[in-house]
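Top line first, the protein sequences correspond to chains A and B. The first sequence begins at 163 in the numbering used here and counts up by one. The second sequence begins at 163 in the numbering used here and counts up by one. These notes concern the structure reproduced below.
Number of protein chains: 2
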Amino acid sequence: MLDDRKKKVLQAIVEEYINTAEPVSSNALTSNHGLQCSSATIRNEMADLEKSGYLDKTHTSSGRIPSEKGYRYYVDELLKDDDISLEEIKYISSKLETKVNEIEDLTKIAANTISEVTHYTTVSIGPKANEQIIKDIKFILLGSRMMMAVILTDTGLVKETIIKFDEDVTEKQIETINYMFNKKLKGQPIEKIDRPLEEYLYDEMTYSVNVIKPIIEQIKKVLEDEQIYLEGANKSFDLPEFNSLEVAKNFVNVLDTKELMADMLNSGFADDIQVYIGDENPKEELKDFSVVTFKHKVNGKDLGTIGIIGPKRMDYSKVISVMKYINKKLKEIE
Amino acid sequence: MLDDRKKKVLQAIVEEYINTAEPVSSNALTSNHGLQCSSATIRNEMADLEKSGYLDKTHTSSGRIPSEKGYRYYVDELLKDDDISLEEIKYISSKLETKVNEIEDLTKIAANTISEVTHYTTVSIGPKANEQIIKDIKFILLGSRMMMAVILTDTGLVKETIIKFDEDVTEKQIETINYMFNKKLKGQPIEKIDRPLEEYLYDEMTYSVNVIKPIIEQIKKVLEDEQIYLEGANKSFDLPEFNSLEVAKNFVNVLDTKELMADMLNSGFADDIQVYIGDENPKEELKDFSVVTFKHKVNGKDLGTIGIIGPKRMDYSKVISVMKYINKKLKEIE
DNA sequence: GATTAGCAATCAAAACAAAAGAGTGCTAAA
DNA sequence: TTTAGCACTCTTTTGTTTTGATTGCTAATC
């Protein structure tokens, strides 16, 4: 579709613009981008690329900037996905070697590392519990009217929650409840904690609803809990596009809306790295930004999702290279 | 020190400036602030107040803005601390009635409520565990090399953590460890988890250091953990002072620095509400902002600290009134 | 036929200038 | 002691000009 020189010109413009944040002139490309032709020739190529929608102008006599179609072509066809230095590899490896006690922390550490290496803002969310299989449930009495439930899943996820009762509960009762819950749920996917289970337990047990109900409700609640973590929110403010108050304000608003962030991270279906450029974002509010996400999966089970959010003029090469490397490393860990 | 009319003029200027964010002119005060004199008289008073350091000018022919000394005088002597409407009282009460399973959540809810009512950004931090008395410790085996420790304190605080081992641990071992830890620590302040305890346990128990050491380390770690919560970061961006990129950037940077936020919240000693205006802040980075903090305490035990961070032109009356009311309500809860 | 030098045309950004307006400080009168 | 009056100061706004970067087109060149 695009001939060789046009590809080179487009790539040069995208990369130059990613570096400088200034519209790229025909002259700027003659010097150092390995294009063996004059600025006039490049101007002709640029005019063609603009006609086909890969480039935009900010005004009649300005240099060119990539359009979203241009970025998309760059991401699909032109970028290098090994744009990562030895130092970066070493740094990432050492960060991921941190011993974690809870599997959720791994995603957090990865998100933090990505933010540090790429200098972009990252957002992360923990594992989706409801895709997982219950390995064990433990109930521990913490007082006459308070207990803790601990749920272990096949992927090593541990979720715990405190449950309070309106009446006294005995150690004996907890034991029975423990037995019944495990009998019914061990080896089952988490979705099984639902209405039929509730009814079954009411039937099987002599205890009042006052005990069973809060347990089920609270367990459901904690399993649905989605904690969002933000890393390097301030980093974005050093980018020139954030000199526009409009953009900066919008950005803070977006980051502050937890539901939006959760939707953003949950919207990617695939196992692989997803790139959303501007309007490609499912969410209207993100249309001025680019988002790159990837899911950390083990045996098809979601162990958390990380998203990078930055300007459309994002360093896709670096971002994707780093994500690929982190993804590989995470897979190695378990 | 200040005569009556000067107080009135200062108060009017502070309140006017808090409302409008514009330098206040002598004319603006003649109309609606109950001052029975001409603008010329007010000009004279303003010149005096400026000479004594309560007011500043942005340039020779501009209106006046309060200096930090002016704000301080206002906060100490002039503000109303019952600046809270019936609707606000109702809203706060209803929010604080939310049933919480963990005592930490109460601080979070309070911080969220304050942010919603005042429209400022709030920061909160959970209870300081190390001031508390250990009521009970429970250890639960979650696998052959993994267990959970749950620590209960006298104030109702529950802290739990997962501990992983490099060797297999039996149910029997855990029982003994459970017994020993409780024997040694029940009724003791949390600081007792220290070197002497470690040595005692090594002596008393036949288990390898590989088991005792990770337990003590991990427990210490989780008790020191300070999670910072942010509410309404975006709200500040609607204020006119945040139209300056300099200020906005600074603000995001400050909020993003967790250690700074923790220091800020931990620096207040007193039980009561603390107001730091601009340079009064212990931290250099906060010198362009005002911070109002208060500790939620029960029986002298810290149950969390909340801070409001906003422009020096903060609505101190509203903020302090709301905080006082919330403080009272929290005390009622337990 | 593709490439390039040359140049007028375009437009943003910077620099400059002028006018308007808000507010003060001071003086002198009430 | 208070206030009316007014010159003076300084910011803000608005308009104009200049500068400079960059393009698109044309005609010459390879």
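We treat Cβ as the ideally placed atom computed from N, Cα and C, and that holds for glycine.
### Message
Please classify Tyr341(A) as buried or exposed, where buried requires at least 16 neighbouring CB atoms within 10 angstroms.
### Response
exposed
#### Entry: Classification of Gln350(B) by the beta-carbon crowding that lies within 10 angstroms, buried from 16 upward
exposed
#### Entry: Beta-carbon proximity of Asp316(A) to Ile296(A), cut-off 9 Å
yes
### Query
Leaving out the 5 sequence neighbours to the left and right, which residues in its chain are closer than 8 Å to Glu207(B) when beta-carbon positions are compared?
Arg167, Lys168, Val171
### Message
Which residues does DSSP list as the beta-bridge partners of Arg226(B)?
### Response
Val186(B), Lys219(B)
### Cβ-Cβ distance between Val384(A) and Lys326(A) below 9 Å
no
#### Entry: Exposure label - Gln173(A); buried when at least 16 CB within 10 Å
buried
### Task
Please list, in chain order, all residues of the same chain as Glu386(B) whose beta carbon is under 8 Å from its beta carbon, the five residues on each side excluded.
Ala291, Asn292
### Task
Find the nearest neighbour of Ile299(A) within the set Thr323(A), Ile471(A), Ala424(A), judged by alpha-carbon distance.
Thr323(A)
### Message
What would DSSP say about Gln436(A), mapped onto helix, strand or coil?
### Response
strand
### DSSP beta-bridge partners of Ala424(B)
Its beta-bridge partners do not exist; DSSP assigns none.
### Minimum length 3: unbroken beta strand (DSSP E) runs contained in the stretch 229-298 of chain B
283-287
#### Entry: Contact with chain B by Asn415(A), beta-carbon distance below 9 Å
yes
### Query
When the Cα atoms are used, what is the spatial distance from Pro473(A) to Glu337(B)?
55 Å
### Task
Determine the contact status of Lys463(A) and Gln294(A), defining contact as a CB-CB distance below 9 Å.
yes
### Task
Find the residues of chain B that neighbour Asp418(A), judging by a C-beta separation of less than 8 Å, and give them in chain order.
Gly394, Ala395, Asn396
### Task
Give, in chain order, every unbroken run of the beta strand (DSSP E) that is at least 3 residues long and sits entirely within the stretch 301-386 of chain A.
308-315, 320-326
### Query
Per DSSP, Gly469(B) forms a beta bridge with which residues?
Val285(B), Thr455(B)
### Message
Taking 8 Å as the cut-off, does the stretch 434-453 of chain A touch the stretch 370-380 of chain A (at least 3 CB pairs, one atom from each stretch)?
### Response
no
#### Entry: Short-range partners of chain B found in the stretch 348-382 of chain A, where Cβ spacing is below 7 Å
Gln380
### Task
Can you have a look at Asn489(A) and say buried or exposed, based on whether 16 or more other CB atoms are within 10 angstroms of its CB?
buried
### Query
Which of helix, strand or coil does DSSP assign to Leu197(B)?
coil
### Query
For Val186(A), which residues from the same chain have a beta carbon less than 8 Å from its beta carbon, with the 5 sequence-adjacent residues on both sides left out?
Ala174, Ile175, Glu178, Tyr179, Gly225, Arg226, Ile227
### Closer than 9 Å to chain A by CB, Ala174(B)
no
### Query
Within the chosen definition, does the stretch 247-259 of chain A reach the stretch 203-223 of chain A through at least 3 CB pairs nearer than 8 Å?
no
### Task
Could you work out which residues of chain B lie near Phe399(A), taking near to mean beta carbons separated by less than 7 Å?
Lys411, Val414
### Query
Excluding sequence positions up to five away, which residues of its chain have a Cβ less than 6 Å from the Cβ of Asn263(B)?
none
### Query
Would you call the CB atoms of Thr269(A) and Leu417(A) closer than 9 Å?
no
### Message
Would Asn405(A) and Leu241(B) be called neighbours here (beta carbons separated by less than 9 Å)?
### Response
no
### Backbone CA spacing between Ala273(B) and Val285(B) [nearest angstrom]
7 Å
### Query
Is Lys168(A) helix, strand or coil when you go by DSSP?
helix
### Query
Just how far apart, CA to CA, sit Tyr487(A) and Ser255(A)?
9 Å
### Query
Taking buried to mean at least 16 other C-beta atoms within 10 Å of its own C-beta, is Glu393(B) buried or exposed?
buried
### Task
Compute the distance between the beta-carbons of Leu492(A) and Leu304(A), then report whether it is under 9 Å.
no
### Message
Helix, strand or coil for Leu407(B)? Go by DSSP, reduced to three states.
### Response
helix
### Query
Would the beta-carbon of Ala410(B) fall within 9 Å of that of Phe399(A)?
yes
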